[in-house]
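Novice: Chains as they are written, first to last, in our numbering: chain G, 488 to 825; chain L, 488 to 825; chain V, 488 to 825; chain B, 488 to 825. All residues carry an ideal CB built from backbone N, CA and C; glycine is no exception. Mind looking over this structure? Questions follow.
Number of protein chains: 4
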Amino acid sequence: MIIVLKPSATEKEINHIIEKLKECGLKPHVSRGEERVIIGAIGDERQLESQPLAIFPGVEKVMPILSPYKLVSREFKKADSIVEVAKGVKIGGKKIHVMAGPCAVETQELLTRIAQEVKEAGATILRGGAYKPRSSPYSFQGLEEKGIEFLVEARRKTGLPIVTEVVDPRDVALVAEHADILQIGARNMQNFRLLTEVGGYDKPVLLKRGLSATIKEFLLSAEYIIARGNHKVILCERGLRTFETATRNTLDLSAVPVIKGLSHLPIIVDPSHATGRWELVVPLARAAVAAGADGIMVEVHLNPEEALCDGEESIKPNKFKAMMGELKKIAEAIGREI
Amino acid sequence: MIIVLKPSATEKEINHIIEKLKECGLKPHVSRGEERVIIGAIGDERQLESQPLAIFPGVEKVMPILSPYKLVSREFKKADSIVEVAKGVKIGGKKIHVMAGPCAVETQELLTRIAQEVKEAGATILRGGAYKPRSSPYSFQGLEEKGIEFLVEARRKTGLPIVTEVVDPRDVALVAEHADILQIGARNMQNFRLLTEVGGYDKPVLLKRGLSATIKEFLLSAEYIIARGNHKVILCERGLRTFETATRNTLDLSAVPVIKGLSHLPIIVDPSHATGRWELVVPLARAAVAAGADGIMVEVHLNPEEALCDGEESIKPNKFKAMMGELKKIAEAIGREI
Amino acid sequence: MIIVLKPSATEKEINHIIEKLKECGLKPHVSRGEERVIIGAIGDERQLESQPLAIFPGVEKVMPILSPYKLVSREFKKADSIVEVAKGVKIGGKKIHVMAGPCAVETQELLTRIAQEVKEAGATILRGGAYKPRSSPYSFQGLEEKGIEFLVEARRKTGLPIVTEVVDPRDVALVAEHADILQIGARNMQNFRLLTEVGGYDKPVLLKRGLSATIKEFLLSAEYIIARGNHKVILCERGLRTFETATRNTLDLSAVPVIKGLSHLPIIVDPSHATGRWELVVPLARAAVAAGADGIMVEVHLNPEEALCDGEESIKPNKFKAMMGELKKIAEAIGREI
Amino acid sequence: MIIVLKPSATEKEINHIIEKLKECGLKPHVSRGEERVIIGAIGDERQLESQPLAIFPGVEKVMPILSPYKLVSREFKKADSIVEVAKGVKIGGKKIHVMAGPCAVETQELLTRIAQEVKEAGATILRGGAYKPRSSPYSFQGLEEKGIEFLVEARRKTGLPIVTEVVDPRDVALVAEHADILQIGARNMQNFRLLTEVGGYDKPVLLKRGLSATIKEFLLSAEYIIARGNHKVILCERGLRTFETATRNTLDLSAVPVIKGLSHLPIIVDPSHATGRWELVVPLARAAVAAGADGIMVEVHLNPEEALCDGEESIKPNKFKAMMGELKKIAEAIGREI
């Protein structure tokens, strides 16, 4: 940690800070420049986290040197993490995985048919929401337990592992019993109790980035899960809240290579929720693969007009199939495969 | 709801939409302009919420006419709502209330002393965090139940009603038993299960605006609580996430008069969390009162240097007292009182 | 235009609005719903642009139906516009063009060598800044006229057409005389006098999107140029200002397909300025091509460590060459070529 | 400047950086911590501005210690700057000034009448736009020179000094000849040629903050003007572009005390343009004064319904007068006057 002092800082103030650093077990290192005195704190700066050094008399600003997360960092673990979500389905390696399915689980028949269609086109994981977090209390909130049953049955029929969202710590045990991947939605990225809860299970977690979360905060939320013992975390970029209203959110594809540099965790992209418009899903899915994502998550519906949730952003199976063909070629162009 | 058609829309497409509207119980009203055909849907447009009309063939865009919330709206209830949080402490009337106290509850002695100081200076409600949502799993997470006990004891000593945050649906019963106001923090504004849970109690709720929540979403989250039966909702503006890094967040004081226009609910402002810097708290507290807030929430600590949480944004009792003097005069200037 | 009235609107207020619409040459169309009266204004709603109907008594909100731009719209011109910037170099067709070169023109020798390198690797246009808009008055501001000379000489040596920025209406004549494409930088996207000035020349204009410009505003700025008579506009997405600090800006690749839907103009992407970090340039250049961009603009420097401007985001020729190989394959995967 | 090295940095890389620092005239100061080697560069770090040290091999990140601006800083000049805009009208002292008038100058008669009304209510400066920067080329662009004439005549009749916007470096001489304050609008905050131009005149400049400008960039733009020789700069906060759509922009009142800390320049607030809605102008004007602004700028129109520009955000003279009464009391509450 670097502590920059005000030009007006007195020796007494400097000593007060030095004492505090020593008290916290750090070695102070004073550097007197022309315009400022600077104190470096050598040692584990995480000891200083709860110390509001910024308000000590004479301090101008405090600049941390180390990232606040540890277990998720590339520094902690150099090799890419590979998360096996079902026998032979490994996320984070050379193969790029495609998760597809309806926004919300609606009926058994519809779900199974969509699952068959996407499987045939090359998807390797089935998505579907049973618990739906909705902005309005008057919107369809999902089939809940019944939805989980339908997903389990669709998996039985197709062999596709299933990913579904969990929104309440009280539901984690049930969902973890049945799903192959527990999804934490964007709105719950900083629901720390939920993170802690899923951190207690030996089950892959798909953690979506919050709409206004920095990459640092995103990685800290992953750290919550891993710190609790569950290392099987897959990250998912799904768009930031910005001033632009032409799309629901602004997909931040830069986050893919940035996170690849900072962390060993796999990262996928969800172009459906990011844009909220089906006609943008295909170009952005292609872009996500080209940017280096380890997978994508796409909403597919047989009849988007009748979807109970987010029909605007769902594509039909024939479009999905055509897209898969393009994605395969793009993956090859950058030395990967789908 | 207004449905704007593409210039290329065919009669068949127009009829398909008309049929769908009728099916949903709405009366279609077609208007043929020079450049566009427009269909108005007369009736309760909330019936159309789950209909993805935007993707019907021939549709260019869909524009809702009504706000998606109802019970929180000024249209539903014209008079200002007044929430009584304890005997004689009413939020939303002529009197502006000041909630003050430490960010986190630390020790019984410290809490009680702060409570006495702020009471003497004119605060009418004591704040203090027992459950702390923190970005990092390695930060101090609060004293939890023990913190609640300390708050109860501080109330016994000073008579100040207490407000404290609840972060998990499983803790609501306990906190509701002891606190006078249940606080829902910014990060949990769209934790819908938590909103639904507090909606089931007859206890005032202080709902903080999420960092990236629009005013519409903020009001929809309040609607979740009221729709469940709990009408005692107090809103709290505490800053938006923007590109500016000089402050932790950007306090949106425009939200105060905007929300006063749209809703009957009281709204207060938290300048401490919004800015994250103690030296900005006083000018923004003054501005909040001048903008028409029904109250403010301010962090006060006897010794910010030693605070376990957010010491950077806490002010000392003497500064708090001086601020209260200014706030009283500003309140008078606009026909209110503190 | 749709005018939604308040529930409290009186017949007198309704008539006042109807009179105003007629006065502006529009046909009012009143629709009385259960909760609101709505007035549609049939005719050329651009007549109403300077009418502040939103503040007429009884009005709740005003919703425009048509986009405020016209000449740039896909509705005005269905086919893609193709801008020929030099003999045989056409932007907007099947071929994706790569513009490459240093951020700032520094020396003749360096520029020419970079030009030769990028040409050999497949670039078809040379970029280089002679007039540099810099946040600080103390930063290098470019070689100005001398820089233009160097660019002209580099073109003579390599045959590559040149694109360079113009920042002052007083310089447009000079730059237009020598450059093949006039670049308007992001900070000048709403420098309307500059837009009007370049609109008066028969010379391609590369218009960069402002950091906080909506797509609507971006297209309106293009409209300024075209309305003045110059139809040769090429758009360029180069990142939005958001809360994320890991990258300089947040590249908005969704803008590519969104703009393709709204406008006939070609659009390219600049991953160098968007990210500000050279190691992100390649993955995002790939993503831009995959998303459907008509070209990319990339900073290349022989020795980024010694660059006078933005060395952080420049890639070296060998990296550029490797990237071109990948881009070619991605272009093929989506039916285009480089 | 602090240069943080990667854990993997070699001695050779460290020496390469040390050599570069020495070459730039700085003294390197190496500190070897447990997890990182850190190099402090002692001396005038502005020498390093054009050095892309971040991309030197072995470097993890570079953190500047000093602010990039100098002349505008509180460090450079401790006392508040007071800008005299006309005999006896001094901005930046105890007295808070109110600038009022129409968005655009329309007719001589209307302008003079508004000027008389606002003067009587206590305004000390007349505002009015002659050159209007508009998003659309089809909107009213102002009366230009004729508008300046009208302003001069209104000043002659009322004695109020006038402030008006200049949008093109070619117009500065003319406007500077007639106006008392040259306004640089938000969209031109980084039109560096325009800044440099007004920097060459001995005439007060009102510099508005750009919609997406950080406070640092805002101060750097002021530095452009002062570096050229014109020290009479008045800053103006007028809202940020954020995701919130309930208001045109999000007024950032925190910027007032933040800038007061960083700079000696006076700062005023424009609640009219920030919000775009007349009913929000009064509460936010009050808040601006309470937050410590040195002045406010408000749009007033006799008949907003007929305004040629921004009628939505204009208040009528009677409302303005009532507001002035409140503002006077708020100013007194914080030890100032209006």
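Kindly indicate which residue of G:Q670, G:K703, G:L682 and G:N675 has the alpha-carbon position closest to the one of G:L693.
Specialist: Taking the first residue of the first sequence as position 1, residue 693 of chain G is located at position 206. Of the candidates G:Q670, G:K703, G:L682 and G:N675, the one whose C-alpha sits nearest the C-alpha of G:L693 is G:Q670.
Novice: Using a threshold of 7 Å, is the CB atom of G:G575 nearer than that to any non-hydrogen atom of the ligand GDP?
Specialist: The model on display carries no ligand, and the ligand GDP is accordingly not part of it.
Novice: How should B:D781 be labelled, buried or exposed, when 16 other C-beta atoms within 10 angstroms of its C-beta is the threshold for buried?
Specialist: Position 294 of the fourth sequence holds residue 781 of chain B. Buried: at least 16 other Cβ atoms inside 10 Å.
Novice: Would the beta-carbon of B:R561 fall within 8 Å of that of B:H751?
Specialist: Here residue 561 of chain B refers to the residue found at position 74 of the fourth sequence. Here residue 751 of chain B refers to the residue found at position 264 of the fourth sequence. It is a contact, given that the beta carbons lie within the stated cut-off.
Novice: Of the choices G:K581, G:K493 and G:V653, whose alpha-carbon is the least far from that of G:P544?
Specialist: For this step, residue 544 of chain G is matched to residue 57 along the first sequence. Nearest of G:K581, G:K493 and G:V653 to G:P544, Cα basis: G:K493.
Novice: Just checking my contact of V:M488 with V:P539 at CB under 8 Å: how many whole Å lie between their CB atoms?
Specialist: By 1-based counting over the third sequence, the position of residue 488 of chain V is 1. By 1-based counting over the third sequence, the position of residue 539 of chain V is 52. The Cβ separation is near 13 Å, so there is no contact.
Novice: Between B:P551 and chain V, is the shortest Cβ-Cβ distance under 8 Å, so that the two count as touching?
Specialist: As a first step, residue 551 of chain B must be located in the fourth sequence, where it is residue number 64. Not an interface residue.
Novice: Drop a sphere of 10 angstroms on the beta-carbon of B:N502, count the other beta-carbons inside from all chains shown, and report buried for 16 or more, exposed for fewer.
Specialist: The count along the fourth sequence starts at 1 and reaches residue 502 of chain B at position 15. Classification of B:N502: exposed, given that the 10 Å Cβ count is below 16.
Novice: Does the distance from the CB of B:H760 to the CB of B:G716 come in under 8 Å?
Specialist: Locating residue 760 of chain B in the fourth sequence gives position 273, where the first residue counts as 1. Locating residue 716 of chain B in the fourth sequence gives position 229, where the first residue counts as 1. The answer is no: Cβ separation not under 8 Å.
Novice: Kindly say whether V:H516, judged by its beta-carbon, lies nearer than 8 Å to any beta-carbon of chain L.
Specialist: Position 29 of the third sequence holds residue 516 of chain V. At least one beta carbon of chain L lies nearer than 8 Å to the beta carbon of V:H516.
Novice: Going along the chain, which residues of the stretch 518-529 of chain V sit with their C-beta nearer than 9 Å to a C-beta in chain L?
Specialist: S518, R519, G520, E521, E522, R523, I525, G527, A528 and I529
Novice: Compare the Cα-Cα distances from L:D655 to each of L:L738, L:D797, L:L681 and L:K557 and report the closest residue.
Specialist: One-based indexing of the second sequence puts residue 655 of chain L at position 168. For the residues L:L738, L:D797, L:L681 and L:K557, the minimum Cα distance to L:D655 belongs to L:L681.
Novice: When the Cα atoms are used, what is the spatial distance from B:I755 to L:I825?
Specialist: On the fourth sequence, position 268 is the one that residue 755 of chain B refers to. On the second sequence, position 338 is the one that residue 825 of chain L refers to. Approximately 28 Å between the Cα atoms of the pair.
Novice: In chain order, what residues of the same chain lie with their CB nearer than 7 Å to the CB of B:I746, ignoring the 5 residues before and after it?
Specialist: Within the fourth sequence, numbered from 1, the residue matching residue 746 of chain B stands at position 259. Once the five neighbours on either side are set aside, the close Cβ partners of B:I746 are I702, L722 and I754.
Novice: Could you tell me the distance, in whole angstroms, from the CA atom of L:R810 to the CA atom of G:R696?
Specialist: Against the second sequence, residue 810 of chain L aligns to sequence position 323. Against the first sequence, residue 696 of chain G aligns to sequence position 209. As written in the sequence, residue 810 of chain L is Met, which differs from the Arg given in the question. Computed Cα separation, rounded: 39 Å.
Novice: Starting from the C-beta of L:A608, find all residues in its chain whose C-beta is less than 6 Å away, skip the five residues before and the five after it, and write them out in chain order.
Specialist: Along the second sequence, read from residue 1 onward, the residue named residue 608 of chain L stands at position 121. If we look at L:A608 and ignore the five residues flanking it on each side, its Cβ neighbours are F807, K808 and M811.
Novice: Taking the Cβ atom as the reference point for each residue, do B:P589 and B:A733 lie within a distance shorter than 8 Å?
Specialist: Residue 589 of chain B sits at position 102 when you count from the first residue of the fourth sequence. Residue 733 of chain B sits at position 246 when you count from the first residue of the fourth sequence. Cβ distance not < 8 Å, so B:P589 and B:A733 don't count as in contact.
Novice: Exposed or buried, V:A566, counting other C-beta atoms within 10 Å across all chains shown (16 or more means buried)?
Specialist: For the purposes of this step, residue 566 of chain V is taken as the residue at position 79 of the third sequence. Flag for V:A566 reads exposed.
Novice: Which of helix, strand or coil does DSSP assign to B:I578?
Specialist: Reading the fourth sequence from its first residue, position 91 is the one you call residue 578 of chain B. Residue state for B:I578 is assigned as strand, using DSSP reduced to three classes.
Novice: Where does V:T599 fall in DSSP's three states?
Specialist: Walking along the third sequence from the start, residue 599 of chain V turns up at place 112. Three-state result, V:T599: helix.
Novice: When the Cα atoms are used, what is the spatial distance from V:G579 to V:G779?
Specialist: On the third sequence, residue 579 of chain V is found 92 positions in, with the first residue counted as 1. On the third sequence, residue 779 of chain V is found 292 positions in, with the first residue counted as 1. Those two C-alpha atoms are separated by around 11 Å.
Novice: Spatial neighbours of B:I817 within its chain, please: CB distance less than 8 Å, with the 5 preceding and 5 following residues excluded, ordered by chain position.
Specialist: Residue numbering aside, residue 817 of chain B sits at position 330 when the fourth sequence is read from its first letter. These residues qualify, in order along the chain: R773, V776 and A777.
Novice: Taking the alpha-carbon positions, what's the G:C796 to G:S626 distance?
Specialist: Here residue 796 of chain G refers to the residue found at position 309 when the first sequence is read from its first residue. Here residue 626 of chain G refers to the residue found at position 139 when the first sequence is read from its first residue. G:C796 and G:S626: Cα-Cα distance of roughly 9 Å.
Novice: So what does G:R735 bridge to, in DSSP terms?
Specialist: Your numbering for residue 735 of chain G matches position 248 in the first sequence. For G:R735, which the question treats as bridged, DSSP gives no partner whatsoever.
Novice: Between the alpha carbons of B:V639 and B:E664, how many angstroms are there, rounded?
Specialist: What you label residue 639 of chain B is simply residue 152 of the fourth sequence in a count that begins at 1. What you label residue 664 of chain B is simply residue 177 of the fourth sequence in a count that begins at 1. Cα to Cα, the separation comes out at about 11 Å.
Novice: Find the residues of chain L that neighbour G:F807, judging by a C-beta separation of less than 9 Å, and give them in chain order.
Specialist: Counted from its first residue, the first sequence places residue 807 of chain G at position 320. The contacting residues do not exist; G:F807 stays about 15 Å from chain L at best.
Novice: Between B:Y688 and chain V, is the shortest Cβ-Cβ distance under 8 Å, so that the two count as touching?
Specialist: Looking up residue 688 of chain B in the fourth sequence gives position 201. No, B:Y688 lies away from the interface with chain V (no Cβ there is under 8 Å from its Cβ).
Novice: Which whole runs of the beta strand (DSSP E) in the stretch 707-734 of chain L are 3 residues long or more, in chain order?
Specialist: 720-724
Novice: Please confirm whether G:R728 has its beta-carbon closer than 8 Å to some beta-carbon of chain B.
Specialist: On the first sequence, residue 728 of chain G is found 241 positions in, with the first residue counted as 1. Interface flag for G:R728 against chain B is set, since a Cβ pair is found closer than 8 Å.
Novice: Here's the rule I'm using: 16 or more other beta-carbon atoms within 10 Å means buried, otherwise exposed. How should G:D689 be labelled?
Specialist: Position 202 of the first sequence, counting from 1, holds the residue named residue 689 of chain G. By the neighbour-count rule (16 or more Cβ atoms within 10 Å), G:D689 is not buried but exposed.
Novice: Who are the Cβ neighbours of L:L814 in its own chain at under 6 Å, not counting the five residues just before and after it?
Specialist: On the second sequence, residue 814 of chain L is found 327 positions in, with the first residue counted as 1. Once the five neighbours on either side are set aside, the close Cβ partners of L:L814 are V776 and I825.
Novice: Label B:R621 either buried or exposed according to how many other C-beta atoms from any shown protein chain fall within 10 Å of its C-beta, with 16 as the threshold for buried.
Specialist: As a first step, residue 621 of chain B is located in the fourth sequence; it is residue number 134 there, counting from the start. Answer is buried; the Cβ neighbour count reaches 16.
Novice: On the criterion of 16 or more Cβ atoms from any shown chain inside 10 Å, does G:N805 qualify as buried, or is it exposed?
Specialist: Along the first sequence, read from residue 1 onward, the residue named residue 805 of chain G stands at position 318. By the neighbour-count rule (16 or more Cβ atoms within 10 Å), G:N805 is not buried but exposed.
Novice: Candidates G:E799, G:E593, G:V576 and G:G530: which alpha carbon is nearest G:P758's?
Specialist: Your numbering for residue 758 of chain G matches position 271 in the first sequence. Just measuring C-alpha positions, the residue of G:E799, G:E593, G:V576 and G:G530 sitting nearest G:P758 is G:E799.
Novice: Quick check on the burial criterion: 16 or more other C-beta atoms within 10 angstroms. Buried or exposed for V:S495?
Specialist: Numbered from 1 along the third sequence, position 8 holds the residue referred to as residue 495 of chain V. Burial call: exposed.
Novice: Would you tell me roughly how many angstroms separate the C-alpha atoms of L:K606 and G:Y556, rounded to the nearest one?
Specialist: Taking the first residue of the second sequence as position 1, residue 606 of chain L is located at position 119. Taking the first residue of the first sequence as position 1, residue 556 of chain G is located at position 69. In a straight line, the C-alpha of L:K606 is about 40 Å away from that of G:Y556.
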